[in-house]
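I have placed the structure first, in the form of structure tokens, so that the comments after it can refer back to it.
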Amino acid sequence: MAEITTLHYLVVAAALFVLGVIGVLTRRNVVIVLMSIELILNAVNLNLVAFSRMWGNLHGQVFAIFITVDAAAEAAVGLGILISFFRNKETINVDEIDLLKW
Amino acid sequence: MFFLNHIWLIPLFPAFGAAMMFFFGRRLQKATVSAVCVGVVVLAFLFACFTVVEYTHFAHGTGRPFEKIVYTWLGSGDGHLNFVKRDGRLASFNADAGFLLDPLSSIWLLFVTGVGMVIHIYSVGYMAHEGGYYRFFGYMNLFMFTMLLLILANNYMLLFVGWEGVGLCSYLLIGFYFHRKSASDAASKAFIVNRIGDAGFILGALALSWYLGSFRFIDINALAHSGHFAIGDPVLTAAALLLFVGACGKSAQIPLYVWLPDAMEGPTPVSALIHAATMVTAGVYMVARSNAVYMLAPTAMKTVAIIGALTAVFAASIALVQNDIKRVLAYSTISQLGYMFLALGVGAFAAGVFHVFTHAFFKALLFLGAGSVIHAMSGEQDMRYMGDLRGRISTTYKTMLIGTLAIAGIPPLAGFFSKDEILWQAWRSAEGGFPYLWLIGFGTALMTAFYMARLIFLTFWGQPRMSHEVEHHVHESPKSMTGPLVVLAIGSVCAGWLGVPASFGGRNVFGKFLEPVFAQEVAASVAPREPAGEEHRGLEWTLMVLSVGAAVVGGGWAHHYYAKAGKDYPEPIAVDAPPLYTVLYNKYFVDEAYDYVFTGRRKIGDVRLGAMGAGQASSWFDAKIIDGTVNDVGWVTRAVATLSTWWDKWIIDGLGVNGPAILARMMSYPARLFEWGLVQWYALVMIAGLLGFGVYYVWK
Numbered sequence: 296m297a298e299i300t301t302l303h304y305l306v307v308a309a310a311l312f313v314l315g316v317i318g319v320l321t322r323r324n325v326v327i328v329l330m331s332i333e334l335i336l337n338a339v340n341l342n343l344v345a346f347s348r349m350w351g352n353l354h355g356q357v358f359a360i361f362i363t364v365d366a367a368a369e370a371a372v373g374l375g376i377l378i379s380f381f382r383n384k385e386t387i388n389v390d391e392i393d394l395l396k397w
Numbered sequence: 049m050f051f052l053n054h055i056w057l058i059p060l061f062p063a064f065g066a067a068m069m070f071f072f073g074r075r076l077q078k079a080t081v082s083a084v085c086v087g088v089v090v091l092a093f094l095f096a097c098f099t100v101v102e103y104t105h106f107a108h109g110t111g112r113p114f115e116k117i118v119y120t121w122l123g124s125g126d127g128h129l130n131f132v133k134r135d136g137r138l139a140s141f142n143a144d145a146g147f148l149l150d151p152l153s154s155i156w157l158l159f160v161t162g163v164g165m166v167i168h169i170y171s172v173g174y175m176a177h178e179g180g181y182y183r184f185f186g187y188m189n190l191f192m193f194t195m196l197l198l199i200l201a202n203n204y205m206l207l208f209v210g211w212e213g214v215g216l217c218s219y220l221l222i223g224f225y226f227h228r229k230s231a232s233d234a235a236s237k238a239f240i241v242n243r244i245g246d247a248g249f250i251l252g253a254l255a256l257s258w259y260l261g262s263f264r265f266i267d268i269n270a271l272a273h274s275g276h277f278a279i280g281d282p283v284l285t286a287a288a289l290l291l292f293v294g295a296c297g298k299s300a301q302i303p304l305y306v307w308l309p310d311a312m313e314g315p316t317p318v319s320a321l322i323h324a325a326t327m328v329t330a331g332v333y334m335v336a337r338s339n340a341v342y343m344l345a346p347t348a349m350k351t352v353a354i355i356g357a358l359t360a361v362f363a364a365s366i367a368l369v370q371n372d373i374k375r376v377l378a379y380s381t382i383s384q385l386g387y388m389f390l391a392l393g394v395g396a397f398a399a400g401v402f403h404v405f406t407h408a409f410f411k412a413l414l415f416l417g418a419g420s421v422i423h424a425m426s427g428e429q430d431m432r433y434m435g436d437l438r439g440r441i442s443t444t445y446k447t448m449l450i451g452t453l454a455i456a457g458i459p460p461l462a463g464f465f466s467k468d469e470i471l472w473q474a475w476r477s478a479e480g481g482f483p484y485l486w487l488i489g490f491g492t493a494l495m496t497a498f499y500m501a502r503l504i505f506l507t508f509w510g511q512p513r514m515s516h517e518v519e520h521h522v523h524e525s526p527k528s529m530t531g532p533l534v535v536l537a538i539g540s541v542c543a544g545w546l547g548v549p550a551s552f553g554g555r556n557v558f559g560k561f562l563e564p565v566f567a568q569e570v571a572a573s574v575a576p577r578e579p580a581g582e583e584h585r586g587l588e589w590t591l592m593v594l595s596v597g598a599a600v601v602g603g604g605w606a607h608h609y610y611a612k613a614g615k616d617y618p619e620p621i622a623v624d625a626p627p628l629y630t631v632l633y634n635k636y637f638v639d640e641a642y643d644y645v646f647t648g649r650r651k652i653g654d655v656r657l658g659a660m661g662a663g664q665a666s667s668w669f670d671a672k673i674i675d676g677t678v679n680d681v682g683w684v685t686r687a688v689a690t691l692s693t694w695w696d697k698w699i700i701d702g703l704g705v706n707g708p709a710i711l712a713r714m715m716s717y718p719a720r721l722f723e724w725g726l727v728q729w730y731a732l733v734m735i736a737g738l739l740g741f742g743v744y745y746v747w748k
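Order-wise, the sequence lines are chains A and B. According to this note's numbering, the first sequence is numbered sequentially starting from 296. According to this note's numbering, the second sequence is numbered sequentially starting from 49.
In structure tokens form, the structure reads like this:
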């Protein structure tokens, strides 16, 4: 078995990130989009914790907690927007959110 | 001085009569009307006599005028208005109700009231069977009132009041038989033609007032005699000519004489009083009154003389062939008035006035005599149907014969002295030129004798040419009519004796009386050509013999043709020169000419002829061409405005303003394609951008 280096963590974080981005870009359901955004944020967290272990200090972990708090607030706001949107349009299909269409 | 101070009463007597007739006339008896109206004129005459006697004491031969201002109309104190004219003088307007008596107006006063009185008495008999008796006498009195105002006025404005007043009375009296269209037309014609003259009069009077500063005769005479104005002064000449236009209208000279023959539509006493003795002399009076002005305007005087002479011969020629007894006398009046103006024009003012005086007597006599004839002939006025009346109405015949001899100028009757004086002065004057004026006067005298003798012969001699019915009724007129005839006949004989000139051994009372009025009579411009002296006494006698000879020849000629006139007697002129006869009989077609040129009644299609036609043409020109041009200019302005609007709307607004806007909008179409409103699309674009940056940095 090889050593599990920092690189491994970065690759996993990157993979999670890309999955998250793909989810944001491609999914029709708004709730799934929000979940994808969380995924992106968590991928970033993972990245930060990996670097924190590499450097041997806690900077990365502290920042990761910041991001987590931020993600939570953001999810709350996002869900609030979702609910308000649902009340107007009766759908959670992101393709139908095109009121700013020309 | 009682009568002089109450001179204003003289016009008021007949005014009272007129007022009485106006208010009460309808209810009064004929006798009352006669008593009142004739009575006031008699009163006026007596008063006038006493006044003139008083005046002679007042003047002591100096001829100084007596003036009585009854009411001051305008002006403060001395008649000045409170504004300063351009030349720095104070403007003055003296037009009071004032009366002036001097030798000139004394003469007029006496014969107007005297002859007026005689004619009023005559009218009592003449109008006895006519309707509208009170109306007639009311108008006659009104006429006397205005005529007296005219001659007693001390200024041009009051004179003009009288002037207009006599014109009005002339209208009322000519149109007395108003239910006859010819009469009412004649009245209108008289008034209208008169009015044309009045326009000239007003302009002349105003010109004088503007130039000399006053309307008052005394002021004007003083200024004119002061030597301040040059002889031939243009404003004075213009004023004199304009005043003469007024005189032409009132005194029936060329070209405004056309109303007088038609005025014979009125009753005969009217013709006698107004159109023979008094009203028509108003023009002569006015010119004589303005003699100071005329003496400063030789051109005007020349005009007066020439027109007077032409009128005299012109009217006399027409009278040769007229058949209506009153028409002959009407043209005779015009002709004699021409003599008077001829006299005034050559500077012989006293001679002209003298002729007015004598003419009043014999012309009134002739008209009243004609009235008597018409009365005897049951209304017939055409001489072709008269004849052989001398035995039947002998008083009328004898008096008319005297009148005829007087007008023809047979000595020692009145007309001889006055007419001869005029002819003599015409020969003598510088205006006489090559004595063509005398020649015209001489020819007129010949014609006068001829037509008057013709009148007498056709009316009183020859065979009776009337219908039996009329012949049966021929009778002499009542005493109320023949009395005045006799009085006037006496006047016609004697009146001339007042003016017998020195060369015949007379004292020329008349001329001496008038001397102060015409003091500047012999001004340089009209000085006689020959020196005074014995040689001209012989010339005077020669001319006198010639004119008497002309009268005798004229009378004899008429005797040859007419004395034995039977039914369908031939007119010599018609036989020898038919076209000439036609022209003369139709009065030279002057009335027709005036109709074509001035009245605008004649049209070709829709277009009027003459002066009115010119007006019509001008108005068409103004409406179509001038207004058309204005309209076209307006159209062009509107077209330019439309163009301007289009330019502004399409080019400026369209290209300049809207253009860029449209361009912007055009460009937005492709840009809009990016705005789908899809969040995931936006996210994709963001990622794409990020990747782009990343790739860029990695490659760096």
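The beta-carbon is built from N, C-alpha and C at its ideal position, and this holds for glycine as well.
Is the beta carbon of CYS462 (chain B) less than 8 Å from the beta carbon of THR406 (chain B)? In the sequence under discussion, the amino acid at residue 462 (chain B) is Ala, which differs from the Cys named in the question. Yes, these two residues count as a Cβ contact at 8 Å.
Looking at the secondary structure, which residues open and close the alpha helix (DSSP H) in which TYR387 (chain B) lies? 373-393
Could you list the residues in the stretch 720-739 of chain B with a C-beta less than 9 Å from some C-beta on chain E, going in chain order? In the structure shown, chain E does not exist; the protein chains are A and B.
Quick one: which unbroken alpha helix (DSSP H) runs of 4-plus residues sit fully inside the stretch 254-335 of chain B? Chain order, please. 265-273, 282-298, 307-310, 316-320
Mapping DSSP to helix, strand and coil, what is GLU578 (chain B)? Low local confidence applies: a pLDDT of 45 at GLU578 (chain B) is under 50, so the model's placement there is unreliable, with the coordinate-based value given in what follows. Three-state DSSP puts GLU578 (chain B) in coil, outside helix and strand.
Alpha carbon to alpha carbon, how far is MET734 (chain B) from PHE741 (chain B)? Give it in angstroms, no decimals. 11 Å
What is the rounded straight-line gap between the Cα of LEU158 (chain B) and the Cα of ILE199 (chain B)? 11 Å
Boundaries (first-last residue) of the beta strand (DSSP E) holding GLU391 (chain A): GLU391 (chain A) -> no beta strand (DSSP E), and no H or E assigned at all.
Mind listing the chain B neighbours of LYS396 (chain A)? Cutoff is C-beta to C-beta under 7 Å, in chain order. GLU723, TRP724, GLY725
Does the separation of the CB atoms of LEU190 (chain B) and ALA66 (chain B) fall below 8 Å? yes
Cα-Cα separation, VAL401 (chain B) to GLY73 (chain B): 37 Å
Taking a cut of 8 Å between CB atoms, which residues from the stretch 359-370 of chain A lie near chain B? none
Tell me the DSSP bridge mates of LEU148 (chain B)? B:GLU115
From the DSSP secondary-structure annotation, give me the bridge partner or partners of ASN203 (chain B). B:ARG264
Could you check what DSSP says for VAL570 (chain B) in three-state terms: helix, strand or coil? Model confidence at VAL570 (chain B) stands at a pLDDT of 45, short of 50, so the residue's coordinates are unreliable; what they give is reported in the following sentence. If DSSP states are grouped into helix, strand and coil, VAL570 (chain B) belongs with coil.
How should ARG264 (chain B) be labelled, buried or exposed, when 16 other C-beta atoms within 10 angstroms of its C-beta is the threshold for buried? buried
Name, please, each residue of chain B whose Cβ falls closer than 8 Å to the Cβ of LEU320 (chain A). GLN728, ALA731, LEU732, ILE735
Between VAL316 (chain A) and chain B, is there a C-beta pair that is closer than 8 Å? yes
Supposed close pair LYS615 (chain B), GLN511 (chain B) - CB separation, criterion 8 Å: 7 Å
Where does VAL565 (chain B) fall in DSSP's three states? coil
Within 8 Å, do at least three Cβ pairs link the stretch 97-116 of chain B to the stretch 164-177 of chain B? no
Are the beta-carbon atoms of ASN339 (chain B) and PHE566 (chain B) separated by less than 8 Å? yes
Rounded to a whole number of angstroms, what is the C-alpha to C-alpha distance between THR99 (chain B) and ALA598 (chain B)? 41 Å
When you compare the CB of VAL326 (chain A) with every CB in chain B, is at least one pair closer than 8 Å? no
Could you please give me the residues that DSSP links to ARG656 (chain B) through a beta bridge? B:LYS651
DSSP state of SER124 (chain B), grouped into three classes? Here the model assigns SER124 (chain B) a pLDDT of 48, short of 50, so the residue's position is not dependable and the matter cannot be decided.
Write down the C-beta distance between ARG323 (chain A) and VAL364 (chain A) rounded to the nearest angstrom, noting that I regard them as a contact closer than 8 Å. That pair is no contact at about 29 Å.
Using alpha carbons as the reference points, say which of B:TYR745, B:VAL727, B:GLY648 lies closest to VAL328 (chain A). B:VAL727
Quick one: list the residues of chain B neighbouring ILE392 (chain A), beta-carbon separation under 8 Å, in chain order. GLY725, LEU726, VAL727
Check the Cβ of VAL389 (chain A) against every Cβ in chain B and list those closer than 9 Å, keeping chain order. LEU726, VAL727, GLN728
Restricting to Cα atoms, I'd like to know which of B:ARG476, B:SER515, B:ILE279 is closest to GLU588 (chain B). B:ARG476
What did DSSP end up calling ASP680 (chain B) once you bin it into helix, strand or coil? helix
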